[in-house]
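Participant: Right, I'll just put the structure down here and ask away after.
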Amino acid sequence: GGGSFKSQMKKADKSGALFALLLGESEIAASQVTVKDLRGGLEQATIPQAELPDWLTEHLN
75 GGGSFKSQMK KADKSGALFA LLLGESEIAA SQVTVKDLRG GLEQATIPQA ELPDWLTEHL
135 N
C-alpha cells in the first residue's frame, strides 16, 4: 500500500504480521532483504534474498 514508511509499518503491525520485509533501493541492488520483527523478539536482520525462505522457516517454527 501507499503512504509514508511510518504509516506502512503501523499498518503492518496492526495486520498481525510477525515480520515486515523491507526492500529499498540498496537492498535490491545488493540482492538482499531486511527483515524486521514486528513482535520484538529478534533484532532487525539484512540477509541475502536467496536465504529468505530458509530464514523464515527457521524463525516461524
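In this note's numbering, the protein residues as written are 75 to 135. Don't be surprised by glycine CBs; every beta carbon is placed ideally from N, CA and C.
Report the three-state DSSP secondary structure of residue 94 (helix, strand or coil).
Facilitator: If you number the sequence shown from 1, residue 94 lands on position 20. In the structure shown, residue 94 sits in a strand (DSSP, three-state: E or B).
Participant: Shortest alpha-carbon distance to residue 105 belongs to which of 114, 121, 95 and 82?
Facilitator: Along the sequence shown, read from residue 1 onward, the residue named residue 105 stands at position 31. If we check each option's Cα against that of residue 105, 121 comes out closest.
Participant: How long is the line joining the alpha carbons of residue 97 and residue 134, rounded to whole angstroms?
Facilitator: Residue 97 sits at position 23 when you count from the first residue of the sequence shown. Residue 134 sits at position 60 when you count from the first residue of the sequence shown. Roughly 20 Å separates the two Cα atoms.
Participant: Residues bridged to residue 86 by DSSP?
Facilitator: Sequence index remark: in the sequence shown, residue 86 carries index 12 (1-based). Per DSSP, none; premise fails for residue 86.
Participant: Identify whether residue 106 lies in helix, strand or coil by the three-state DSSP scheme.
Facilitator: Working through the sequence shown from its first residue, we reach residue 106 at position 32. DSSP places residue 106 in strand when its eight states are reduced to three.
Participant: Suppose contacts are defined by Cβ-Cβ distances below 8 Å. Is residue 94 in contact with residue 112 by that definition?
Facilitator: Here residue 94 refers to the residue found at position 20 of the sequence shown. Here residue 112 refers to the residue found at position 38 of the sequence shown. Closer than 8 Å, so yes.
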